[in-house]
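Note sheet for the following structure.
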Amino acid sequence: MDTMRGDTIGADAPDVAAIAAAHRGSRAALIAILREVQAARGYLPEDALRAVARHTGRSLVDVYAVASFYHSFSLKPRGRHTVCACLGTACHVRGGQQVVEALSRELGVRAGETTPDGEFTLETANCLGACALGPVVVVDGRYFAKVNPGKVRRILSQARSGVAAPEAADGERALVTEAVCPECGRPLLDAARPIDGYPSLQVSAQCNGWRGRARISCVDGVLDGAPENAAALERVRLFCPHCSAGLNDLLRCGECGVPTVSVLAGDGALVQMCGCGEQRVRRAEVEGAGARREIAQLS
Amino acid sequence: MPAYRSTVLLCAGGGCISCGCLPVREAMEAELKRRNLADEVRVVQTGCVGSCDLGPVLIVYPDEVFYQKVSPGDVPKLVDEHFLKGRVFERLLVKSAETDNLIATQREFAFFNKQVKIVLENCGVIDPENIEEYVARGGYLALGQVISERTPEWVIEELKKSGLRGRGGAGFPAGTKWDFVRKAPGERKYVVCNADEGDPGAFMDRSVLEGDPHRVLEAMAIAGFAASADQGYIYVRAEYPLAIRRTRRAIQQAREAGFLGRNLFESSFSFDIDIRVGAGAFVCGEETALLASIEGKRGIPRPRPPFPAVSGLWGKPTLINNVETYACIVPIITRGGDWYASIGTEKSKGTKVFALAGKIRNTGLVEVPMGTTLREIVYDIGGGVPNGRKFKAAQTGGPSGGCIPAEHLDIPMDYESLAKVGSIVGSGGLIIMDEDSCMVDVAKFFMEFCTDESCGKCPPCRVGTRQIYGLLDKITKGEARIEDLHLLEELCGMVKESSLCGLGQTAPNPVLSTLRYFRDEYLEHIVDRRCPAKVCPSLIRYSIDEAACTGCSLCARNCPENTIFKVEDQKKYRIDPARCVKCGVCFDVCRFGAVVKS
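Which chain is which? The protein sequence lines are A and B, in order.
So for the first sequence, my numbering puts the first residue at 11; every next one is plus one.
So for the second sequence, my numbering puts the first residue at 26; every next one is plus one.
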């Protein structure tokens, strides 16, 4: 067992004492106590198990036996992100096993292990009960539906950059719920000015000599049809409003995961185009001198 | 309170929440407010509607218009069309699979109108976090009546008349079980609800707890009255956080309203319920293992007898049923055992909820009378197998069950008929497989599951399942010989007969049933070294059809092993078969169908 991190908490483990006290040190509450300790510490280090044994009046062997029996307890430190692939029957017949293998190959670890850099822990679940959406992968509590090996890289890169995107059942809509600038790490989402009911992505934008601010919807592909002349339009360059780092890499193709070319089209839409032929539309609001005129001309 | 002219029911079951239904609710409420409709249209967040693949789902009353796959961006147009212009917003309607016609209302949708809802009657209709909605639908009336006007004997008599059998898998008559606990000697008794729905592919118990938790609490209190117990426990698996949250809230509300606690309905009967959350162990669905886990121990089963009805939790008589069984109790008490017995077949009464999933057009929960044929469920309700593929088999009962091949499509779904063809009703998982599913692979999948989940107490299960898995693995790799097939059958018989608990005793079932109906497929793997469904990686290869390849390079960019290269001077790509790891990424990403499996 790894005791390195446990030592920093101190031998008395006051956090464990408080949790055990809340359950009045009940022997029957052992599983609940262990779950809460794991939630607080991230895993169950040796000192915590010793403290639990002391506070519940059970032997360390007893506590260890329970902690090692149940799948949801981890005796090893876990990664910053938890990637859990469902391997229920419904997910399996739709190719869940290949998804796990792809995740395992991309991360370089097997199910149940954590990457050496401490970023990802890969887990499998026997059934998450979301059978209609299978194969399902859950990253840090967010569900990705109908995953196939081809989508795995994108899911992991989103988790890595902090841009997690749960998807609608048929993959038509991607949704950004957290976004930070990859350069300066400052947030890009503006909750005060929502578009489509979500906080908008706030960026600086440059297009055809014009420079201003743009607020872009986090929801993909909700407008009816992409503009026909999108290919002829000037591309938009997006920058972080805090540090001016280029952000065009942030908006990636939903199909192949490479950064897309963005163009502004009429009635406030940002069209993302990819070399693979994929086109996606996001609602956008643009501010700045001449911006309205610019868009009117484009449409 | 304003008189609403319309109510929007928004499904907030687990499936719809993971598709993003909560932002739809926010967008809906904001839009209604903006259009000054907030006093006319009410938004209610309900439990699971059942059609999980269509989420997020909205049903607009009074017309029961059914909208599917609604995103927050659709909401302004939807409000504009439906509530201001008074016409149905066609873009979000469901399309009929056969005729391509739009289906406007829930009543017209075959997925719903062929179902008979008893267990799920409130799911998708009421707000599960609001006890008043449950009470308004007659909730806790049965409990009040039973306590003030009836005797425990009367309750058990009604239950026996109803013919209800345990829905957890074994199908033991519920009335008889309740009677055992009632008659068992002992001062202290317990009522336990098994919500450790471990069978992969079954999610009805989760939906009931998420969509109608009070129904289970009321039934447990009635059980407490019938068995003279004063304490109940609900054991929920940790994988169901939403069910845990809603059940906790329901218990709190029931206590505040006086439906749980001391001296219920001013009688001498007291009953309270606590939640115990599991920690991820399939074997805890077995009743003796579950009781051990509630006591805070390793979830390891013990031999029966003594049955929990005699010696259960802390050695006291304990009544255990699963969620779906409890969910049948209140209707039986209110409408009578005879009414319930009038539904279903001679020996299997009432309705059963199946979790329909896999290769099927309409996925989700379906509740039908016992004895409904598999064909009706798959084709009339489920809408058949998608993508023009053919139905191959239906798997029922999860890792303890078996496969039903196409030749038995007209089988009535009840305990006896399924047993006859070598399968079980089990907890109600119903996974549909098409020609692209390999039956050996399915058997191997279930055996791997049992190997992982075996608690390790008895050797037949601990060692036997591992050996069976090893043989199946050999077969799927094309390394097996024909003798291995006999060894496999022998091993299966041995594990079945000598294991301690239900897990081991039923673990070989998926293997035996696939061997019974799909022996040819096993033989093809062994003799021809071929996987006819093109699933087993060792027996297939990927290649690129150069006529269809457009040279877009998507496959090469996504290949994890860089085994796809450009053909010189041509806009074509090729796979190096020697280095291909057969991950299938190229097959998935190709938009032109140029990557072929053979």
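We put the CB at the ideal spot given by N, CA and C, even for glycine.
- Residue burial is scored here from C-beta neighbours: B:HIS511 has fewer than 16 other C-beta atoms within 10 angstroms and is therefore classed as exposed.
- Look at B:ILE600 here: in three-state DSSP terms it is strand.
- The beta carbon of B:ILE181 sits closer than 7 Å to the beta carbons of GLY200, TRP203, ASP204, ARG207 and ALA251 from its chain, once the five residues preceding and following it are set aside; these are given in chain order.
- Between the segment 86-93 of chain B and the segment 111-120 of chain B there are three or more C-beta pairs closer than 8 Å, enough to call the two in contact.
- In this structure, the beta-carbon distance from B:LEU35 to B:ARG50 falls below 8 Å.
- In summary, A:ALA155 is buried, with 16 or more beta-carbon neighbours lying within 10 Å of its beta-carbon over all protein chains present.
- Residue-level contact check: B:ILE456 touches chain A, since one or more beta carbons of chain A fall below 8 Å from its beta carbon.
- With contact defined as three or more Cβ pairs closer than 8 Å, the segment 133-149 of chain A and the segment 217-230 of chain B are in contact.
- Residues are counted here when their Cβ sits less than 7 Å from a Cβ of chain B; for the segment 30-48 of chain A these are ARG37, ALA38, ALA39, LEU40, ILE41, ALA42 and ARG45, given in chain order.
- B:GLN70 is bridged by DSSP to B:LEU35.
- Cβ neighbours of B:ARG274 within its own chain (closer than 7 Å, five residues either side excluded): GLU154.
- Under the criterion of beta carbons closer than 8 Å, B:SER442 and B:ILE436 qualify as touching, at roughly 5 Å.
- Within the segment 64-76 of chain A, those residues whose Cβ lies closer than 7 Å to any Cβ of chain B are, in chain order, ALA75 and VAL76.
- In the structure shown, B:ILE151 adopts coil according to DSSP, grouped into three states.
- The secondary-structure analysis by DSSP pairs B:GLU392 across a beta bridge with B:VAL378.
- Not flagged as an interface residue toward chain B: A:HIS252, since no C-beta distance is shorter than 8 Å.
- A straight line joining the alpha-carbon of B:TYR86 with that of B:THR32 spans about 5 Å.
- If one requires a minimum length of 3 residues, the beta strand (DSSP E) runs lying completely within the segment 322-377 of chain B are 343-347, in chain order.
- Taking the Cα of A:VAL47 as reference, the smallest distance to any Cα among A:ALA58, A:ALA39 and A:ARG37 is reached at A:ALA58.
- Taken through DSSP and simplified to helix, strand or coil, A:HIS65 comes out as helix.
- Within the same chain, Cβ atoms closer than 6 Å to the Cβ of B:PRO101 are found at GLU56, the five residues on either side in sequence being excluded.
- Annotation for B:TYR494: the continuous alpha helix (DSSP H) segment containing it runs 484-501.
- Under the three-state reduction of DSSP, A:THR125 is assigned to coil, being neither helix nor strand.
- Within its own chain, the residues whose Cβ lies closer than 8 Å to the Cβ of B:ALA248, once the five positions on either side in sequence are excluded, are TRP203, VAL216, ALA254, GLY257, LEU344, ASN346, TYR351 and ILE354, listed in chain order.
- For A:HIS91, no chain B residue has a C-beta closer than 9 Å to its own C-beta; the minimum C-beta separation is roughly 18 Å.
- Using a CB distance cut-off of 8 Å, A:ASN136 counts as an interface residue toward chain B.
- Identification of residues in the segment 311-325 of chain B having a C-beta nearer than 9 Å to some C-beta of chain A yields SER318, ILE319, GLU320, GLY321, LYS322, ARG323, GLY324 and ILE325, given in sequence order.
- Spanning the alpha carbons of B:SER462 and B:GLY283 requires a straight line of approximately 52 Å.
- When secondary structure is reduced to three states using DSSP, B:ARG582 falls in the helix class.
- DSSP, reduced to helix, strand and coil, places B:ALA468 within a helical segment of the structure shown.
- Two segments are said to touch when three or more pairs of C-beta atoms, one from each, lie closer than 8 Å; by this definition the segment 574-588 of chain B does not touch the segment 482-498 of chain B.
- Rounded to whole angstroms, the gap between the alpha carbons of A:VAL26 and B:PHE294 is 38 Å.
- At a cut-off of 8 Å between C-beta atoms, B:ASP613 counts as an interface residue with respect to chain A.
- Three or more beta-carbon pairs drawn from the segment 491-502 of chain B and the segment 510-524 of chain B are found closer than 8 Å, and the two stretches are therefore classed as touching.
- Taking the C-beta atoms as reference points, B:ILE457 is found nearer than 8 Å to B:GLY407.
- In this structure, B:MET464 lies away from B:CYS517, with their beta-carbon atoms at least 8 Å apart.
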